[in-house]
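With the first letter of the sequence shown counted as 1, position 229 gets the number 403 in the working numbering; the numbers rise by one all the way through. Data first, discussion second: the structure below is written as structure tokens.
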Amino acid sequence: MEKYDTIIVGAGPAGLEAALVLAEAGKNTLVVEKNETIGQTICAGGLTIKDMDFVPKNIVDVEFNYMLLHTAKGSYDVDLGSHPVFMVNREKLGQWMAKEAQRAGARIGTSCRVSAVDGNHIVVNGEKIGFDHLVGGDGSNSIVRKSLDIPVNKTVIGIQYISKTLRKDFEVFVDDFKNVLKYSWIFPHSEFTSIGMGGSTGKAALMRRSLDDLCERLSIERTRFEAARINIDYKGIVFGNRFLAGDAAGIASGLTGEGIYQAILSGEEVAKGIMNKEYAYPGIKHLLKLKTRQERLLNIFGMNQYIPHILFNNAVPFLLKKRGLCRMINDKFNLV
């Protein structure tokens with residue numbers, strides 16, 4: 175039976191970053207990815223300034239230093255200052271990360287479906303492969319998480335249309351909370367536009383109708399519909415010689431749905447923990463502090479539909495005049 179120091183299930187940002195760090199340290203590392211092409215996953219492709227610690231500027235599609243924020247009372251041109259937002263093609267990001275991991279010495283297999291995790295081996299396309307350490311970087315429906323008997327009880331959902339209609343402005347809509355706590359976005363890329371919505375998993379059908387209405391209102395062609403459930407139910411990352419990272423760990427933001435930064439940083443942290451049993455995981459502690467703050471805010475919003483309505487329609491115009499206060503709030507909740 176073939177055996178590796180570490181097998182990583184899933185060639186997303188979490189798995190590929192873990193593979194890079196381990197391979198650079200000389201560890202015999204295998205990444206198995208169920209899809210034929212790396213990076214073909216549902217993602218709007220928005221990155222914030224903190225992602226750029228891991229991602230090179232040359233794969234960025236479009237950069238925005240401003241945002242159009244739409245509330246029920248009006249629209250505002252928000253100067254993002256030192257916190258620009260970057261649009262990246264998710265497949266391009268995945269391909270770049272895969273090449274970096276392979277250059278370091280990691281082996282990556284595509285069209286590799288894991289059907290079982292048993293003891294210290296996995297079954298891939300009917301073949302047993304052994305491991306000393308196993309990393310689940312396989313998303314919200316993680317087979318590695320299932321092998322640990324850790325259920326997923328908290329999720330949010332992101333839905334989007336990939337549209338041929340090209341838009342020029344980065345836009346966020348926080349203008350309607352009557353039936354579901356949600357927000358909408360327009361992420362312009364050079365060859366397409368992502369127009370989407372994030373909110374409660376139980377309100378997916380209502381969100382789809384609301385997104386259709388927004389597309390109609392803005393004359394945006396609905397070319398291809400996509401939806402993804404995002405696991406936000408964090409229960410830990412270290413379970414003996416098995417580890418979880420990214421969406422498999424439930425470390426994404428429940429407030430914004432942001433997950434690429436969390437995935438990359440948690441992948442790096444898991445790799446460091448594999449190599450050093452005494453590692454204290456400072457990056458994970460940082461992510462959890464932000465996640466706790468954001469989800470407390472989300473819980474407050476969810477208490478009553480009028481709370482976010484009052485905040486965005488009355489407080490936002492005031493806050494936008496107080497740049498120092500805006501920066502303080504953003505630093506605390508890590509919104510962009």
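We treat Cβ as the ideally placed atom computed from N, Cα and C, and that holds for glycine. What you are looking at is a predicted structure, and each value in this text was computed from that prediction instead of being measured.
Is the stretch 271-281 touching the stretch 379-386 in the sense that three or more CB pairs, one from each, lie closer than 8 Å?
-> no
Provide the residue(s) that pair with Q334 in DSSP beta bridges, ordered along the chain.
-> G370 and E400
By how many angstroms is the C-alpha of L322 removed from the C-alpha of F413?
-> 8 Å
Go ahead and label H307 buried or exposed: buried means 16 or more other beta carbons lie within 10 angstroms of its beta carbon, across all protein chains shown.
-> buried
Provide the residue span of the beta strand (DSSP E) that contains Q386, from first to last.
-> According to the sequence as given, residue 386 is Asp; it is not Gln. That residue, D386, is in no beta strand (DSSP E); its alpha helix (DSSP H) goes A378 to L392.
Using CA coordinates, which residue listed in F228, A422, S285 and P230 is at the minimum distance from I406?
-> A422
Under a Cβ-count criterion, where at least 16 other Cβ atoms within 10 Å of its own Cβ denotes burial, should A445 be classed as buried or exposed?
-> buried
Boundaries of the beta strand (DSSP E) in which P258 is found, first to last residue | Premise fails: P258 is in no beta strand (DSSP E) and is neither H nor E.
Beta-carbon proximity of A437 to G219, cut-off 8 Å | no
Same chain, Cβ closer than 8 Å to F507, five either side skipped, listed in chain order = Low confidence applies to F507: its pLDDT is 47, below 50, so where it sits in the model is not reliable enough to give any reading.
Alpha helix (DSSP H) segment containing S427, residue limits = Where S427 is concerned, there is no enclosing alpha helix (DSSP H), given that its DSSP letter is neither H nor E.
Tell me which same chain residues have a C-beta within less than 6 Å of the C-beta of D512, skipping the five on either side of it?
-> Since the displayed the chain opens at 175 and closes at 510, residue 512 lies outside it and no answer follows.
With a Cβ-Cβ cutoff of 8 Å, do E210 and T284 count as a contact?
-> yes
Assess, as a yes-or-no matter, whether the stretch 396-405 is touched by the stretch 324-341 under the definition of 3 or more beta carbon pairs within less than 8 Å.
-> yes
Grouping DSSP H, G and I as helix and E and B as strand, with all else coil, what is V206?
-> strand
Among the residues of its own chain, which have a CB less than 7 Å from the CB of T375, if the five just before and after it don't count?
-> T329, V330, I331 and R403
Consult DSSP for P482 and reduce its assignment to one of helix, strand or coil.
-> helix
Is DSSP giving P456 helix, strand or coil here?
-> helix
Cβ-based burial, G476 [other Cβ within 10 Å; buried from 16] | exposed
What is the DSSP secondary structure of F507, reduced to helix, strand or coil?
-> Reliability of the predicted coordinates at F507 is poor, the pLDDT of 47 falling under 50, and no value is obtained from them.
Local Cβ density within 10 Å of R532, reported as buried at 16 or more and exposed below that | Not covered by the structure: residue 532. The range shown for the chain is 175 to 510.
Give me the Cβ distance between V206 and V309, rounded to the nearest whole Å; I'm assuming they're in contact under 8 Å.
-> Between V309 and V206 the Cβ distance is about 11 Å, and since that is not below 8 Å, they are no contact.
Short check: CB of V348 to CB of F486, under 8 Å?
-> yes
Touching by the beta-carbon criterion (3+ pairs, under 8 Å), the stretch 354-371 and the stretch 446-462 = no
According to DSSP, what are the bridge partners of R416?
-> L308 and F413
Shortest alpha-carbon distance to G255 belongs to which of M241, A379, G420 and I181?
-> M241
Reference L224; option with closest CA among K266, Y453, I434 and E452 | In the sequence on display, residue 224 carries Lys and not Leu. Closest option to K224, Cα to Cα, is I434.
Could you name the residues of the same chain whose beta carbon sits closer than 7 Å to that of A197, not counting the 5 residues immediately before and after it, in chain order?
-> T203, A275, A278, G279 and A280
Where do the N-terminal and C-terminal ends of the alpha helix (DSSP H) with E198 fall, by residue?
-> P187 to E198
What does DSSP give as the partner residues of S249 in its beta bridges?
-> H244
When you compare only the Cα positions, how much space is there between H244 and G300?
-> 52 Å
N-terminal and C-terminal residue of the beta strand (DSSP E) that A290 is part of | V288 to D292
Where the beta strand (DSSP E) containing R281 begins and where it ends = R281 to G283
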